[in-house]
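Here the structure comes first, spelled out in structure tokens, and everything after it is commentary.
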């Protein structure tokens, strides 16, 4: 019973079993951080189970003390309360031990993270050092000079291919520019003339009265005769001289077209 609760002498005793397992003891073989963290967590789980058991025993002693008190057995009730108090002290000790183990777990996990970070940084530094050994600044300058030289040669080739040859090389670009400017001026002048024609108001044309024809006029023999001038109609009141001239011009055009 006592071995189960407090452990054997080889394990260092029940309460002190946690720190002894975490530290490994004097002369213990060296352990890795991962195995040490696992051992600490196992010890924490054991202490938590031990604490739960003590809580149950403390509750049982409290119930016994109540029963003895009801039975007027004061001495037995006091004994139960003493045991309860001892269990409380052990629980407090276990909680302190658990806190120490948890602190050690956190420290080990942080140390492991730090070690892994350092290892990664060291690996990166070694890789950069190896790259610097393989890369020579003189070779880099030489490569850049070769790139610039090839780029310049390619530019010269492109310029040579882009130059006009044959008849196109003899053309005077200034003359072509002048001809193009003349065409643009001509197009602009045509556009202005068209806009002026569209903007000018259309002249008003008065209705021309139909000339009276004699129904019983005898047929005359056809003979080459000269065109007679258009008869002049009497001026209509309210018409301007321009309207009268326009009407006379229309009558003359009708006679010419007849």
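In the working numbering, the protein residues as written are 7 to 264. Positions of the beta carbon are idealized from the N, C-alpha and C atoms, including for glycine. Since this is a predicted model, take the numbers as computed values, not measurements.
Evaluate residue i with the Cβ neighbour count: other Cβ atoms within 10 Å of its Cβ, from every protein chain shown; 16 or more gives buried, anything less gives exposed.
{"i": "residue 149", "result": "exposed"}
{"i": "residue 260", "result": "exposed"}
{"i": "residue 205", "result": "exposed"}
{"i": "residue 233", "result": "For residue 233, the predicted model reports a pLDDT of 49, less than 50, meaning its position is unreliable; a value from the coordinates is still stated below. The residue in question, residue 233, is exposed, as its Cβ has fewer than 16 Cβ neighbours within 10 Å."}
{"i": "residue 247", "result": "exposed"}
{"i": "residue 110", "result": "buried"}
{"i": "residue 119", "result": "exposed"}
{"i": "residue 49", "result": "buried"}
{"i": "residue 165", "result": "exposed"}
{"i": "residue 179", "result": "exposed"}
{"i": "residue 251", "result": "exposed"}
{"i": "residue 253", "result": "buried"}
{"i": "residue 255", "result": "exposed"}
Can you check whether the CB of residue j is closer than 8 Å to the CB of residue i?
{"i": "residue 127", "j": "residue 42", "result": "no"}
{"i": "residue 97", "j": "residue 57", "result": "yes"}
{"i": "residue 2", "j": "residue 53", "result": "Outside the shown range of the chain (7 to 264) lies residue 2, about which nothing can therefore be said."}
{"i": "residue 65", "j": "residue 74", "result": "no"}
For my contact list, residue i and residue j are in at a C-beta cut-off of 8 Å; report their separation, rounded to the angstrom.
{"i": "residue 107", "j": "residue 46", "result": "5 Å"}
Inter-stretch contact (C-beta, 8 Å, three-pair minimum) for the segment 79-97 and the segment 57-67: yes
The segment 66-75 contacting the segment 83-93, beta-carbon criterion three pairs below 8 Å: yes
Segments assigned alpha helix (DSSP H), at least 4 residues, entirely inside the segment 108-179: 143-168 and 173-176
Completely contained alpha helix (DSSP H) runs for the segment 70-111, where each covers 4 or more residues: none
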